[in-house]
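Numbering (full-length UniProt numbering), first residue to last: 1 to 170.
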């Protein structure tokens, strides 16, 4: 190694461009709930974008895609993610859980954080959500559905975090 070799910058490998179709991962352990069966009309009708839910069997929510946290309200019940390939994802935990004002939610990330697919994003107390008479369904929405050819549910029944959940086609 020569004395001035440190001046020669090694080119950094550019991150691989995301390929489509892209799979969004299941963000919770539980049972898949198709969009039409989500117990909230805004989500069930796809008003915010194509989505699905998971009726959780444990109180952990994981990143369905790598990207950046764009929204992390103090209530801890929802997160916005700018994902790879331009996919914009909203994770909404429960129905009307904003009324809980953060009680029962423990976010592990904040706005601006870079996240990796599969990373723990938040923990929730399923007993507190049930005691407040709210469905705990974890809803995953592609909010910019119109930017893509299709967003398709590819899972059914019981799922584990990280399993393929939604297929996004360009």
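Note that beta-carbon positions come from the ideal geometry of N, C-alpha and C, so glycine has one too. None of the values given here were measured: they were computed from a predicted structure.
Assignment of residue 145 by DSSP, reduced to helix, strand and coil, places it in the helix class.
In this chain, residue 41 is not harboured by any beta strand (DSSP E); it is covered by the alpha helix (DSSP H) spanning 41-44. Here DSSP, grouped into helix, strand and coil, assigns residue 157 to coil. Between residue 76 and residue 105 the beta-carbon gap is near 3 Å, inside 8 Å, which marks them as a contact. Residue pairing for residue 57: DSSP places it in no beta bridge. When the Cα atoms are used, residue 143 and residue 50 turn out to be separated by approximately 7 Å. The DSSP assignment places 51-56, 60-62, 67-71, 78-83, 88-93, 105-107, 120-124 and 138-142 as complete runs of the beta strand (DSSP E) inside the UniProt domain "PTS EIIA type-1" (40-144), in order along the chain (cut-off: 3 residues). Taking a 10 Å sphere around the C-beta of residue 47, we find fewer than 16 other C-beta atoms and assign the residue as exposed. By the neighbour-count definition (other C-beta atoms within 10 Å, threshold 16), residue 131 is an exposed residue. Membership of residue 27 in any beta strand (DSSP E) is not indicated, and neither H nor E is assigned to it by DSSP.
Counting only the Cα atoms, residue 37 lies some 14 Å from residue 136. Apart from sequence neighbours up to five positions away, the residues of its chain that approach residue 66 with a beta-carbon distance below 6 Å are 84, 116 and 117, ordered along the chain. Residue environment analysis places residue 19 among the exposed positions, since fewer than 16 neighbouring C-beta atoms fall within 10 angstroms of its C-beta.
Exposed is the label assigned to residue 157, since fewer than 16 other Cβ atoms lie within 10 Å of its Cβ. For residue 167, the enclosing beta strand (DSSP E) has its first and last residue at 164-169.
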